[in-house]
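Trainee: The following block contains the structure, expressed as structure tokens.
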Amino acid sequence: MKKSIALAVFTVILVLCAIGLAVVLWTYPSLITSDIKKTDDMESQIPAKNGQDGQKPDEGKASNGQSPGEQQEKEIDTSKIGIAGISLGDPKDKVKEYLGDDYKETYQEEGGYFGESYYIWDYSSKGITFIIGKDSGMVLEIELTGKDHIRF
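Read left to right, the sequence shown gives residues 2 to 153 (my numbering).
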């Protein structure tokens, strides 16, 4: 008998806590994080997949995904952030391709932070310096060296 009374009291307390929580959240909706949204809102935020937006797959799109008449632009890889079209990890040949051979090269045998010897390519006329790994041949660091060359 005592166990059933204790169980009933516990159940009542649990139900009252749940009701209290519901009342508090109803009264103060700002306590709910903004990441939680209604199902309707979520559906409007999900982009329609090809063929689910009332169009046939690839209807009104050129083979490159652009609408007819849109000017084609060079595709840019936005997964890596870079400067002057060059990102960390790019090969040294890409630096030369984009900026040319007009740089001053300095060799650093002590690899230190980079773990390998490296070259410093100083494009002082362009206001940018690159650190290129000797063994990897990759861009290890990019440094802007001139405030006059920065444009947004």
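Cβ coordinates follow ideal geometry from the N, Cα and C atoms, glycine included. Quick caveat: nothing in here was measured; it's all calculated off a predicted structure.
Could you tell me whether any non-hydrogen atom of the ligand FAD is closer than 8 angstroms to the CB of Ala19?
Mentor: This structure simply doesn't include the ligand FAD, nor any ligand for that matter.
Trainee: Between the Cα of Met139 and the Cα atoms of Gln109, Gly113, Gly101 and Ile87, which residue gives the shortest distance?
Mentor: On the sequence shown, residue 139 is found 138 positions in, with the first residue counted as 1. The shortest CA-to-CA distance from Met139 to any of Gln109, Gly113, Gly101 and Ile87 is the one to Ile87.
Trainee: If you drop the 5 nearest sequence neighbours on each side, which residues of the same chain put their C-beta closer than 8 angstroms to that of Ser5?
Mentor: The residue given as residue 5 occupies position 4 in the sequence shown. For Ser5, where only same-chain residues beyond five positions count, there are no Cβ hits under 8 angstroms.
Trainee: Tell me which same chain residues have a C-beta within less than 7 angstroms of the C-beta of Asp103, skipping the five on either side of it?
Mentor: Translated into positions along the sequence shown, residue 103 becomes position 102. Around Asp103: Tyr124 and Ser126.
Trainee: Can you tell me whether DSSP reads Gly83 as helix, strand or coil?
Mentor: Translated into positions along the sequence shown, residue 83 becomes position 82. Strand.
Trainee: Less than 9 angstroms separating the beta-carbons of Asp136 and Glu106?
Mentor: In the sequence shown, residue 136 corresponds to position 135, counting from 1. In the sequence shown, residue 106 corresponds to position 105, counting from 1. Taking 9 angstroms as the Cβ cut-off, Asp136 and Glu106 do not qualify as a contacting pair.
Trainee: Give the DSSP-derived three-state secondary structure of Thr89 in the structure shown.
Mentor: Your numbering for residue 89 matches position 88 in the sequence shown. The sequence given here has Leu at residue 89, not Thr. Looking at Leu89 - three-state DSSP - the assignment turns out to be coil, as it is neither helix nor strand.
Trainee: Within the continuous beta strand (DSSP E) that includes Thr107, where are the two ends?
Mentor: To locate residue 107, count along the sequence shown from 1; it is residue 106. Note, Thr107: beta strand (DSSP E), Lys105 to Gln109.
Trainee: By a C-beta neighbour count over all protein chains shown, 10 Å radius and 16 as the cutoff for buried, is Phe131 buried or exposed?
Mentor: Position 130 of the sequence shown, counted from the start, is the residue given in the question as residue 131. Buried.
Trainee: Quick one: what's Val140 bridged to in DSSP?
Mentor: The sequence position of residue 140 within the sequence shown is 139, counting from 1. According to DSSP, which records beta bridges pairwise, Val140 is partnered with Ile133.
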